[in-house]
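Here is the structure we will look at, set down as structure tokens.
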Ligand code: BGC
């Protein structure tokens, strides 16, 4: 029989009473009623302390939680809803321990790009490619492998919850944390984040899905009010989170700093209670972002947010206590939060003794370090996007031995916080790329490989000096460029931009500087003059303008920030050892002003704390495709060293009532092995609701196909997948009419179209009807 009570000697008990501040009489009475309660059993074996024995409930499993809550003092409860520092130095935070009740401290550490400890903590982990690069792989299996590796490292360090996945939408190319998020599309974001969640949680540690919701900008993130229609919220900004909750059951959710239609996310009962818990069935714990409760514990509990991180200050605690005592805050709300926190505790590796903390540990265990470094190297090429490849400039031909490398000397405008200065600047970007983003998504890597070293490891000779032997950088002269062109077989220019939490981008992060444009021109002219080719590597975390210079170079490879093995991974791709197979998870516009959010980012109406989401549901490619605005490179775009044919498009029926199967084949029609990421879009007819021209409804990735090999895809689509949100009935509806499935290699490169019908309107799901009343003039096909 399980023991929910630990029997204590009377002397131990009085010590606990002193520290807990309750009288012996109260405690004895409390204990008596607990003993009489139906959920408890008493194990008093082996205790020989005479008559004065008392029992204190101890947290042993989920069933013991009610008794433990009942035994908690008000002070203990109020302590538990505020974080209390981490058990591992350098981790972002942790929970409060109450040893007398068997409640241990849990530790939470960032983050979405790998396990992070503060830069002074001297603890290294594997630096993986940034999340945008992983989503560009369109490879869910890969995402699962990478996040499993992160989960193992989390466990290895004795951390209970990793603060990721981060899946806010790339609303605007200037979003400072786009690199940390997955995509402008909620399906791709949600699917990748669900894999992240499964991969981590399968290791026995938890995730914190963040930042719920709409943390799509860094400017005034703590104070900005975002005005967003319920339809845009449900279809775009919440949809990815919904998918993760339903597919992967995350242990925790982190509410965002910003407010949505009035209340801050951490105080927003509609967002947390009605949508997250009631509509979607989330049964885990919600924590704030760091400082996101604004120290208002009452609003937080009323809003359905359980834990204030990294703490709730004394004033905040006193206010909660006073409100409970004077009856203005129901104690059940506090108890619900405690229950959610304790439910997390009993699942945690610390509680289950699956891990231990050795705070002197400075690196992940050797076997994990080696396996995960290899995985980081293999993952990067899958997300690299080949934007241009004229005359087969890539992969390097067999005659390439010496590689001329040069880059800008870009300094990040803001490096985010908590990031070592060494990660914030570049000298010559070709010899010092950005390997990761900064801020809470920066990890201290176990080692790094920059491009020159990677090239040498691959058997090449990097050339980056001028005639007098001095290292060149973006200020190189035409003579320097000519010298490089003479003395190497191909030119590689690295254009870099850092990305980090705490600041948004702007036109200088999107546009090449004059120096960079000059650099590209001088190097291209010099190499082309001697009949040699030029490749630009874009070492960026978000869209960059390619239009003004793309015609002067032969190839453009978007490497993103490829992780700590960058130099090796990039050499694998340049040399052809790996075939890049990434596709764009966000549109690359011709100019910033083309973005649908341009006029309302990062503020509206001259009010720094207001953003009107006027573009509504027309985010990213939904806008470009519907309003016929041609981007530089469209969503889903990406070339390969080989080519793929799509064929045998089939539906199992021509009418959608419940589920419909879409089948097709992808064949490697080129001469090199490679992987392809096919995409399925739907075009829905306008009815009561207007619809974007296309919306992504499924995607996949082939295994590595050798020339001539093929793979068959079966995608199953049900009504909810293609439903639109109708605010007037608070339901997801599929309107009757003729629909099209468009199967393509990108959102514009459609290879096959299949029609199907919906004979009568379908209500796919009804949700809570107390959504926000939003007064906003939004973009519509009909008001152009
Ligand atoms: C970030 C979160 C992060 C937290 C803890 C905050 O500034 O917004 O993403 O998890 O810090 O480091």
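Numbering (our numbering), first residue to last: 5 to 788. Cβ atoms here follow ideal geometry from the backbone N, Cα and C, with glycine treated the same way. Owing to the predicted nature of the structure, the values given are computational and were not obtained by experimental measurement.
- Taking C-alpha positions only, residue 63 is separated from residue 338 by approximately 18 Å.
- By the C-beta criterion, the segment 441-451 is judged not to be in contact with the segment 508-520, since fewer than 3 inter-stretch pairs fall below 8 Å.
- Here residue 596 is not bridged, per DSSP, to any residue.
- By the criterion of at least three beta-carbon pairs nearer than 8 Å, the segment 139-147 is in contact with the segment 703-714.
- Where residue 203 is concerned, the enclosing alpha helix (DSSP H) starts and stops at 190-205.
- Residue 150 is positioned such that its CB atom lies no closer than 9 Å to that of residue 209.
- Here residue 322 is exposed, its C-beta having fewer than 16 other C-beta atoms within 10 Å.
- Going by C-alpha positions, residue 69 is about 24 Å away from residue 252.
- When rounded, the separation of the alpha-carbon atoms in residue 671 and residue 400 is 25 Å.
- For residue 210, DSSP records a beta bridge to 165.
- Remark: C-beta atoms of residue 592 and residue 659 do not approach each other more closely than 9 Å.
- Sequence-distant partners of residue 431 (beyond 5 residues in either direction) whose C-beta falls short of 7 Å from its own C-beta, in its chain, are 413, 477.
- Taking residue 306 as the centre and dropping the five residues before and after it, the same chain places no C-beta closer than 6 Å to its C-beta.
- For the pair residue 641 and residue 750, the CB atoms are nearer than the 9 Å cut-off.
- In this structure, the C-beta of residue 508 stays at least 8 Å away from each heavy atom of the ligand BGC.
- Excluding the 5 residues flanking it on each side, residue 424 has same chain C-beta neighbours closer than 7 Å at 123, in chain order.
- Classified as exposed, residue 689 has fewer than 16 neighbouring CB atoms from the shown chains inside 10 Å of its CB.
- Membership of residue 345 in the alpha helix (DSSP H) is indicated by the continuous run 335-351.
- Inclusion of residue 258 in the 8 Å shell around the ligand BGC follows from its C-beta lying nearer than that to a non-hydrogen atom of the ligand.
- Taking 9 Å as the cut-off, the beta carbon of residue 279 is found no closer than this to the beta carbon of residue 258.
- For residue 755, the uninterrupted beta strand (DSSP E) segment begins and ends at 754-762.
- Straight-line measurement puts the Cα of residue 230 at about 6 Å from the Cα of residue 616.
- The segment 233-244 makes contact with the segment 181-197, as at least three CB pairs between them are under 8 Å.
- In the same chain as residue 766, and ignoring 5 residues on each side of it, the C-beta atoms closer than 6 Å to its own belong to 723, 738, in chain order.
- Between the segment 376-388 and the segment 126-139, the count of C-beta pairs closer than 8 Å reaches three or more; the two stretches touch.
- According to the DSSP assignment, residue 82 belongs to no beta strand (DSSP E) but to the alpha helix (DSSP H) extending over 78-84.
- Per DSSP, reduced to three states, the secondary structure at residue 106 is coil, with no helix or strand assignment.
- In the structure shown, the three-state DSSP call for residue 456 is helix.
- Taking non-hydrogen atoms of the ligand BGC into account, the C-beta of residue 293 is found less than 8 Å away from one of them.
- Between the alpha carbons of residue 695 and residue 189 lies a gap of roughly 15 Å.
- In this structure, the beta-carbon distance from residue 158 to residue 119 falls below 9 Å.
- Contact between the segment 205-219 and the segment 351-359 is present, with at least three C-beta pairs closer than 8 Å.
- 9 Å or more divides the Cβ of residue 680 from the Cβ of residue 563.
- In the three-state DSSP reduction, residue 780 falls in the coil class, being neither helix nor strand.
- Distances from the CB of residue 271 to the heavy atoms of the ligand BGC are all 8 Å or more.
- DSSP places residue 232 in the coil class of the three-state scheme, outside both helix and strand.
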